[in-house]
Each structure stands twice: as structure tokens, then as C-alpha cells.
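Counting in the numbering used here, the sequence shown runs from 279 upward without gaps.
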Amino acid sequence: MELSTRQMRILDAVARTGSCSRAAEILFMSQPGVSMQIKQMEAMLGFRLFDRTGRRMRPTAEGRVVIARVREALAALRQAEEELAAIRGLACGRLHLTIASTANYFAPKLIAAFLREHPGIELKLAVANRAGLVRALAEAETDLAIMGKPPEELPLKEEAFLDNPLVVIAPPDHRLAARRRIPLAEAMREPFIVREAGSGTRAAVERFLAARGFTRSERIEMHSSEAIKQAVAAGLGLGVVSAHTLEMELALGRLAVLDVEGFPIMRKWRLVHRADRSLPPAARAFAAFVIKHACRLVSSPLDAPAPTGLR
Numbered sequence: 279m280e281l282s283t284r285q286m287r288i289l290d291a292v293a294r295t296g297s298c299s300r301a302a303e304i305l306f307m308s309q310p311g312v313s314m315q316i317k318q319m320e321a322m323l324g325f326r327l328f329d330r331t332g333r334r335m336r337p338t339a340e341g342r343v344v345i346a347r348v349r350e351a352l353a354a355l356r357q358a359e360e361e362l363a364a365i366r367g368l369a370c371g372r373l374h375l376t377i378a379s380t381a382n383y384f385a386p387k388l389i390a391a392f393l394r395e396h397p398g399i400e401l402k403l404a405v406a407n408r409a410g411l412v413r414a415l416a417e418a419e420t421d422l423a424i425m426g427k428p429p430e431e432l433p434l435k436e437e438a439f440l441d442n443p444l445v446v447i448a449p450p451d452h453r454l455a456a457r458r459r460i461p462l463a464e465a466m467r468e469p470f471i472v473r474e475a476g477s478g479t480r481a482a483v484e485r486f487l488a489a490r491g492f493t494r495s496e497r498i499e500m501h502s503s504e505a506i507k508q509a510v511a512a513g514l515g516l517g518v519v520s521a522h523t524l525e526m527e528l529a530l531g532r533l534a535v536l537d538v539e540g541f542p543i544m545r546k547w548r549l550v551h552r553a554d555r556s557l558p559p560a561a562r563a564f565a566a567f568v569i570k571h572a573c574r575l576v577s578s579p580l581d582a583p584a585p586t587g588l589r
């Protein structure tokens, strides 16, 4: 049996996800390409690796044997890569990083600064909502995640490195924009635009409101902070987003941050990884870099002076 490293990674990904399409997303391949590789491996080995039950692919008895040995081989290869990277002093290495969609507004600054110091590091970056982050950690698809509150059901280690204030935004000409100390009950009478289910921002806002006896029954749901900002600017309602997403809009006076009772909701950005797996040298170096430099490299738009005429 002679499988290439690429084929072994494909086999492992399909076994972990139970799906050729999901494995294709992880591996940045096409779904037909993954399916073709599985068929080629089955033809070469002379037996089925998976049973297809509906949309789920489950390993056969023979498949489980092969997958176990493939994972041992991949673990050995990864260990060799880590040891070589340590010997070379991070002259090379791989970093698999998954970040929350909201973190995409500041994480590139951190990544760029890190790669300037370590230009030989190969980066694989994925952007996901909370549900995608949890899945990546659960299925060990990533070395590190940048996210808010980590899931409690997984064996994880975390370290906070940056404040993440959630703020209420409105058009600059909104009737509440010039007000100070707006009661929460008054703000809640406005239509609200919220993130999709599975978003960490939405979960944090819902916890905040529930603790104060509020629920939202009338709302518009959108799948990104960018979409929420555009909808708020168009006058569709108020929104709650991370302050880190507002640098351009506040600088240009396109949106206003409202002074609503209880806001900003103060959260933390965290570096999260599996507690039951050792971090590769590149991931350890990136984590140390972020902890040391994040507060210097990433500023909050709330600290900047408002454009003339906004206050």
C-alpha cells in the first residue's frame, strides 16, 4: 500500500468530517477532486474505505484500519516538521490559524507583523463564525483560534490578549445619536439588526439582554458585521457590532456609537487551542508574539477623536 501524503490527508479529512464536501473545504480542494481521490485509493487497495449512508460517509472495517495507520503516519510527519522547525529556529514551519469573522478587522495587522519577523512561516488562514470555530477546534483542524468565549465542552487552553467592546451603532443623524445615557428600554424600542445564530457577537448580546429581562422578537438577521453596518447606515435600524469593525466608519462620520445603558459590553479576544495537543513551534511563536504586541499594534476606534460635527 503506497499512499501519498496528500492522499493520506484527504483520507483523514473525510474520516473526520464524514463528508467529501466538508473535507474539500478544509483542504481547499473541489468536492469532485476529493471524491475522485477516495475512489482511486479504494481501487488501488481493492476494498471500500467508506460506506455511503445518505450524505454521511462512515469508515468500513477495513477503512478504520487504514485510517488509524494513516493518522499515525501523519502524526509522525507533523512531529518531524515540528522538530525540524525547532532546530532551524523558525526559519520555516506551518501555522494553521482560524479566526472569528469579526477578528478579521484587526488580525491581519498581527499576522503581517509576525510574518515580517518570520518570513519562512507558511500560513493557512481560515475565517469563520463561532460555530465554524468550535467545529475547527473539535475536529483539530486548526493549531490556534482567535475568538471570544471558547466552548466549555472541549478540552481547551485559552489566553486573553485584547479587549473586544461591543457597541450600539446608528446613523449619525438618528434621533438618539446626540443623546447621552440612553436608557436600555428606550433603545430596545428601535428595530435591531443582529448577527446570525451561531455568531459569538449575537450570543453575547442575547446573554446581556436576557440578564436584564429583555428579548428581541422583531429584528433583521444578517451574516456579517459589514452587512449590519451597511444596513444601519441605510436607516434600517440599530445594530450591535465590535468596536474593532468601525475604524473607517467612525473616521468618516458614516456611523455613530450610541451611549446606551450597559454598553459597551466588554468581552475579550482570546487565543484558544486544544489542551490535549502540543502546539507546533510556529503556533507557539505566534501566540507569544500576539500576547506581547497586540495592545500596541491594535488600537480601538473608540479611543480616536470623533470627526468634527459629530458631537
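No residue lacks a Cβ here, since even glycine has one placed at the ideal position from N, Cα and C.
DSSP beta-bridge partners of residue i
i: Glu400; result: Arg372
i: Lys435; result: His551
i: Ile424; result: Ile377 and Leu549
i: Ile627; result: The structure shown does not extend to residue 627, since the chain is modelled only from 279 through 589, so no value can be given for it.
First and last residue of the uninterrupted beta strand (DSSP E) at residue i
i: Asp329; result: Phe328 to Thr331
i: Phe470; result: Phe470 to Arg473
i: Gly324; result: Careful: Gly324 lies outside any beta strand (DSSP E) and carries neither H nor E.
i: Glu499; result: Arg497 to Met500
i: Pro386; result: Pro386 -> not in any beta strand (DSSP E); alpha helix (DSSP H) instead, spanning Ala385 to Glu395.
i: Val519; result: Leu516 to Ser520
i: Arg336; result: Arg334 to Pro337
Any non-hydrogen atom of the ligand MN closer than 7 Å to residue i Cβ
i: Glu400; result: The ligand MN is not part of the structure shown, which contains no ligands of any sort.
Status (buried if at least 16 other CB within 10 Å, exposed otherwise) for residue i
i: Pro597; result: Outside the shown range of the chain, which is 279 to 589, sits residue 597, and nothing can be said about it.
i: Gln318; result: exposed
i: Glu361; result: exposed
i: Ala566; result: exposed
i: Lys507; result: buried
i: Thr523; result: buried
i: Thr380; result: buried
Residue-chain proximity (residue i, chain C), Cβ-Cβ < 8 Å
i: Ile498; result: No chain C appears in this structure, which consists of one protein chain only.
Boundaries (first-last residue) of the alpha helix (DSSP H) holding residue i
i: Val510; result: Ser503 to Ala511
i: Leu530; result: Glu525 to Leu530
i: Val629; result: Only positions 279 to 589 of the chain appear in the structure, and residue 629 is not among them; the question remains open.
i: Thr479; result: Gly478 to Ala489
i: Leu462; result: Leu462 to Ala465
Coil, strand or helix - residue i by DSSP
i: Ser297; result: coil
i: Asp290; result: helix
i: Gly587; result: Bear in mind that the predicted position of Gly587 carries a pLDDT of just 38, short of 50, making it unreliable; the figure below should be weighed with that in mind. Here Gly587 sits in coil by DSSP.
i: Leu557; result: coil
i: Leu580; result: helix
i: Asp442; result: The amino acid at residue 442 is misidentified as Asp; the sequence shows Asn. Three-state DSSP puts Asn442 in a strand.
i: Arg574; result: helix
i: Ala406; result: strand
i: Ala566; result: helix
i: Ala455; result: coil
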